[in-house]
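Written out below as structure tokens is the structure these notes cover.
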Amino acid sequence: MVELIVVIVTILLAAGVFFMLSGAIGLLRLPDFYTRLHATGKCDTLGEVLIIFGLLLYHIFVYSPGAELSVQLVPVKLLFLICFIFLANPTATHAIMKAAYNTGLKPWKKGDPRM
Amino acid sequence: MSDNSGKVFGIAVTFCAMFLFWLLLSGYIITPEGKLDVIHVGAGIICSAIVALISHDLLVTGKEEKILSKSFRFFIYLGWELWQIILANFDVTYRVLHPKMPIDPLIIEFETPLRSDFALVTLANSITLTPGTITINVDPAKGKFLVHAIAQAPADALTVDKTMQNKVAKVFMEEG
């Protein structure tokens, strides 16, 4: 049972790292500010959530059995963290995007040189 | 419901939410000897009572109707949204890792019949999290959205298919 959980946790962590990595590659490869936000805004959300969910499973099934109550409640805090990331990440992406648009930054069009 | 009983209801709901939050976050409910941890739980009761008295009008505005059926439909919508987020990530990963980078960014504008704050926030955040689109600006008076799309296909999903607008409108029962 514990071995199975560890395998699932490893897969979740690896998937999270993969999405964070592709977000970082996108940040470097994409041509302008707006398209870069596409990469970071989406990949970071799912990447972080997958990593935290992996930690949550590990904590419930491997780390905390037999521990005192305040340690066993840590997964609840991780769950709150997931909720707040889902709320805050798109909002922050949107706020940065709006600020750039209001300052008059022109979006990149196909065929333009990289900015 | 009269004004006064609505206020009491608001304070009671806020108090329960704050106290539950306190218990879950502190974890000091039972002492190692197996008794109720009076000091920490008592401090929690006092603090949540103060917060509930001061800011009960923030959590329970008293304007919401049919809140149960709305939140039920909202949770079903969240499941669909979660699936969309996973699709969005594969979409972005594909565009980023593809050697030729198949992107063709454009900015689109469309209007929705949605008016309530919560519906607008839900739709704006959903647009940002789903494949290839990010909300730039929302005009709450007209329900007008300004969206940056990374290619033509995700833009069409919003302006032509309108799947997401209709789903959000259905959740909050505003005609879409």
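Residue numbers (the working numbering), protein chains in the order written: chain A, 1 to 115; chain B, 1001 to 1176. No residue lacks a Cβ here, since even glycine has one placed at the ideal position from N, Cα and C.
Residue environment analysis places B/I1103 among the buried positions, since at least 16 neighbouring C-beta atoms fall within 10 angstroms of its C-beta. Between A/G54 and B/I1134, the beta carbon gap of about 27 Å keeps them out of contact (Cβ cut-off 8 Å).
At a cut-off of 9 Å between C-beta atoms, B/P1140 does not count as an interface residue with respect to chain A. Here the region 98 to 107 of chain A does not lie against the region 1025 to 1038 of chain B, with fewer than 3 beta-carbon pairs under 8 Å apart. By the C-beta criterion, the region 86 to 103 of chain A is judged not to be in contact with the region 1019 to 1030 of chain B, since fewer than 3 inter-stretch pairs fall below 8 Å. Contact annotation: B/N1089 and A/L46 have beta-carbon atoms nearer than 9 Å. Taking one beta carbon from each stretch, the region 1068 to 1076 of chain B and the region 1038 to 1049 of chain B have fewer than 3 pairs nearer than 8 Å; the two do not touch.
A/I52 and B/N1004 have their C-alpha atoms some 43 Å from each other. Proximity of chain B to A/L46 at the Cβ level (cut-off 7 Å) is accounted for by I1085, I1086 and N1089, in chain order.
Among the residues of chain B, none has a CB under 7 Å from the CB of A/A67; the nearest is roughly 11 Å distant.
Close CB contacts of A/G16 within its chain, under the 6 Å cut and outside five residues either way in sequence, are with G47, L50 and I51 (chain order). Taking a beta-carbon distance threshold of 9 Å, B/M1101 counts as an interface residue toward chain A.
Between the alpha carbons of B/I1011 and B/G1042 lies a distance of about 18 Å. Shown here for B/A1141: not one same chain residue has a beta carbon closer than 7 Å to its own, the five before and five after excluded.
Note that the C-beta distance between B/A1052 and B/F1015 is below 9 Å. Considering only B/L1129, B/A1151, B/A1157 and B/T1122, the residue with the shortest C-alpha distance to B/G1143 is B/T1122.
For A/I25, at least one C-beta of chain B is nearer than 9 Å to its own C-beta. At a cut-off of 9 Å between beta-carbon atoms, B/I1134 makes contact with chain A.
Secondary structure within the region 1084 to 1135 of chain B: the beta strand (DSSP E) runs of 3 or more consecutive residues, fully enclosed, are 1106 to 1111 (chain order).
Judged by their CB atoms, B/A1169 and B/P1113 are nearer to each other than the 9 Å cut-off. Comparing alpha carbon positions, the residue from B/L1059, B/D1139 and B/V1138 closest to B/G1006 is B/L1059. Apart from sequence neighbours up to five positions away, the residues of its chain that approach B/R1095 with a beta-carbon distance below 7 Å are M1101, P1102, I1103 and I1150, ordered along the chain.
Taken through DSSP and simplified to helix, strand or coil, A/A67 comes out as coil. Residue state for B/L1146 is assigned as strand, using DSSP reduced to three classes.
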